[in-house]
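Written out below as structure tokens is the structure these notes cover.
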Amino acid sequence: MPGVAIAILNYNGENHLKQFLPTLIANSKGCPIYIGDNASIDDSVKLLKEYFPSTICVELGDNFGYSGGYNRLIKHISEEFIILVNSDIEVTEAWIEPLIEEFKNDKVAAIQPKIKSYHKKEYFEYAGAAGGYIDKYGYPFCRGRLFNSIEKDTRQYDDAEYISWASGACFAIRKSAFDQVGGFDDDFFAHMEEIDLCWRLHTYGYSIRFTPESTVYHVGGGTLDYGSPFKTYLNYRNGLYLLLKNLPEKKRDQVIVVRVLLDWLSALLYLVRGKWEFSRAIMNAHKEVRKNRSNFLAKRINNIEDKGFRHNLSIVWEYFIKGKKEYRQLNSTRLN
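Numbering (the numbering used here), first residue to last: 1 to 336.
Printed below as a string of structure tokens:
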């Protein structure tokens, strides 16, 4: 398909490349496939050169994480549209066309397919499901996934929809829009960098879409396990970075105060449950944010637009206090 490239970031993903790359190549419609290697210490690069010579392997020389890795890889790509795909994604036969179709609207910058579980194919997958949103305190949630409650896909979200953010596991991006807003923020390293990117796209007047016509299956935790304290650290740290960078100044401090209190409550609950390493991860995340606060405030762009990006609810309250475990149970509207 002319004008479309596929980009994969790899870090010690030799086994995933062996498993999923053949299907991706078979269903790539002739699109060039760029694979950026974040200084893997396994035989990923050797595998690509020997068994997948049709792919374009870009050795990045160091582990720059998701953000920095993709920023460097995308500089090698000139196509108008780029589909970012995790190495642990299984694509389906007709997955590309519905994504590119959405770009007929010039204001659409990014599109997410339906992301389902590779291991439990009738269920959505944690990282993205049927499109992402964030609540008024910056906590992300998805159509099909609230915290750790993952819904079975009964086609309940089979409507094309405007969303707040597209999952970094798999989404298509308009390269000109990606470049215009400065790409991913390297300082995020990994996790929530796609939400930061989508928020900036929103500020620049672009839209993010979900299409149910394209489906992929995600293993999840391919590079960093879902139960890792380091993952917890990144999520809590980057969640606050997200608010520091992107909230309008008049709303920023009051939202962050509530968010910090909720994070501390989460750390306390981990401690009570004997999961001290997760509690410490949250505290370390907050310590890092305090140290880097001025750096992230300096990254703020002028005329930040928050209207319509966050949702007018607390997902913590809805989920843990009111017991709502499915997206369709929420009475959710976007903040004006």
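Think of the CB as a built atom: it goes at the ideal place given N, C-alpha and C, for glycine as much as any other residue. Since we're looking at a predicted model, the values are computed, not measured.
Whole angstroms are fine: how far does the CA of residue j sit from the CA of residue i?
{"i": "His-311", "j": "Val-45", "result": "43 Å"}
{"i": "Gly-69", "j": "Phe-189", "result": "9 Å"}
{"i": "Val-58", "j": "Lys-245", "result": "31 Å"}
{"i": "Tyr-162", "j": "Ser-207", "result": "7 Å"}
{"i": "Pro-229", "j": "Asn-235", "result": "10 Å"}
{"i": "Asp-158", "j": "Lys-291", "result": "43 Å"}
{"i": "Ile-321", "j": "Tyr-126", "result": "21 Å"}
{"i": "Lys-120", "j": "Thr-92", "result": "16 Å"}
{"i": "Gln-112", "j": "Glu-80", "result": "17 Å"}
{"i": "Met-192", "j": "Gly-220", "result": "15 Å"}
{"i": "Ala-347", "j": "Ala-39", "result": "Look at the range of the chain in this structure, 1 to 336, and you will see that residue 347 is not part of it."}
{"i": "Val-289", "j": "Ser-279", "result": "16 Å"}
{"i": "Tyr-204", "j": "Glu-194", "result": "15 Å"}
{"i": "Glu-326", "j": "Pro-22", "result": "35 Å"}
{"i": "Ile-150", "j": "Phe-124", "result": "6 Å"}
{"i": "Gln-19", "j": "Cys-31", "result": "19 Å"}
{"i": "Ile-282", "j": "Lys-29", "result": "44 Å"}
{"i": "Asn-302", "j": "Gly-308", "result": "18 Å"}
{"i": "Lys-351", "j": "Lys-231", "result": "Beyond the ends of the chain as shown, which are 1 and 336, falls residue 351; an answer cannot be given."}
{"i": "Ser-54", "j": "Arg-237", "result": "39 Å"}
{"i": "Lys-107", "j": "Arg-273", "result": "47 Å"}
{"i": "Glu-122", "j": "Lys-324", "result": "21 Å"}
DSSP three-state label for residue i, please.
{"i": "Tyr-139", "result": "coil"}
{"i": "Leu-51", "result": "A quick correction: the sequence has Tyr, not Leu, at residue 51. Of the three classes helix, strand and coil, the one that applies to Tyr-51 here is helix, per DSSP."}
{"i": "Glu-97", "result": "helix"}
{"i": "Ile-77", "result": "coil"}
{"i": "Val-181", "result": "coil"}
{"i": "Lys-324", "result": "coil"}
{"i": "Phe-189", "result": "coil"}
{"i": "Thr-23", "result": "helix"}
{"i": "Phe-376", "result": "Residue 376 lies beyond the residue range present for the chain, which begins at 1 and ends at 336; the question has no answer from this structure."}
{"i": "Glu-59", "result": "strand"}
{"i": "Lys-114", "result": "strand"}
{"i": "Gly-36", "result": "strand"}
{"i": "Thr-154", "result": "coil"}
{"i": "Tyr-217", "result": "strand"}
{"i": "Ile-82", "result": "strand"}
{"i": "Arg-273", "result": "coil"}
{"i": "Pro-212", "result": "strand"}
{"i": "Ala-109", "result": "strand"}
{"i": "Leu-244", "result": "helix"}
{"i": "Glu-249", "result": "helix"}
{"i": "Asn-10", "result": "strand"}
Determine the closest residue to residue i out of the options, with distance taken between C-alpha atoms.
{"i": "Arg-328", "options": "Asn-295, Phe-188, Cys-142 and Arg-209", "result": "Cys-142"}
{"i": "Phe-296", "options": "Leu-330, Ala-166, Glu-249 and Lys-324", "result": "Glu-249"}
{"i": "Asp-186", "options": "Gln-254, Leu-48, Tyr-241 and Ile-150", "result": "Tyr-241"}
{"i": "Arg-334", "options": "Ile-134, Arg-237 and Lys-322", "result": "Ile-134"}
{"i": "Ala-94", "options": "Ser-87, Lys-114, Glu-79 and Asn-86", "result": "Lys-114"}
{"i": "Ala-129", "options": "Gly-144, Glu-326 and Glu-122", "result": "Gly-144"}
{"i": "Glu-213", "options": "Thr-203, Thr-23 and Ile-96", "result": "Ile-96"}
{"i": "His-202", "options": "Leu-247, Pro-98 and Thr-215", "result": "Leu-247"}
{"i": "Ala-160", "options": "Gln-180, Lys-152 and Thr-215", "result": "Thr-215"}
{"i": "Lys-136", "options": "Arg-72, Gln-254 and Phe-178", "result": "Gln-254"}
{"i": "Asp-196", "options": "Val-260, Asn-148, Arg-300 and Lys-104", "result": "Arg-300"}
{"i": "Asp-344", "options": "Asn-71, Ser-294 and Asn-331", "result": "Residue numbering for the chain in the displayed model covers 1 to 336; residue 344 lies beyond these limits and cannot be assessed."}
Assuming residue i contacts residue j (C-beta within less than 8 Å), just tell me the rounded distance between them.
{"i": "Arg-209", "j": "Glu-102", "result": "5 Å"}
{"i": "Leu-271", "j": "Ile-256", "result": "About 22 Å; that fails the 8 Å criterion."}
{"i": "Ile-82", "j": "Ile-89", "result": "With a Cβ gap of about 15 Å, Ile-82 and Ile-89 do not count as contacting."}
{"i": "Tyr-118", "j": "Tyr-217", "result": "4 Å"}
{"i": "Ile-33", "j": "Ile-77", "result": "That pair is no contact at about 11 Å."}
{"i": "Ala-110", "j": "Cys-198", "result": "6 Å"}
{"i": "Leu-60", "j": "Ile-173", "result": "Wrong, their Cβ atoms sit about 19 Å apart, outside the cutoff."}
{"i": "Leu-17", "j": "Ser-87", "result": "6 Å"}
{"i": "Ile-41", "j": "Ile-8", "result": "Not really, about 18 Å apart at Cβ, beyond 8 Å."}
{"i": "Tyr-66", "j": "Gly-168", "result": "6 Å"}
{"i": "Gly-132", "j": "Ser-164", "result": "6 Å"}
{"i": "Asp-153", "j": "Lys-116", "result": "6 Å"}
{"i": "Leu-99", "j": "Thr-211", "result": "7 Å"}
Take the Cβ of residue i as the centre, count every other Cβ of all protein chains shown within 10 Å, and call the residue buried at 16 or more, exposed below.
{"i": "Glu-50", "result": "exposed"}
{"i": "Phe-64", "result": "buried"}
{"i": "Arg-155", "result": "exposed"}
{"i": "Pro-140", "result": "buried"}
{"i": "Trp-317", "result": "exposed"}
{"i": "Asp-263", "result": "buried"}
{"i": "Ala-298", "result": "exposed"}
{"i": "Gly-13", "result": "buried"}
{"i": "Leu-268", "result": "exposed"}
{"i": "Asp-43", "result": "exposed"}
{"i": "Gly-3", "result": "exposed"}
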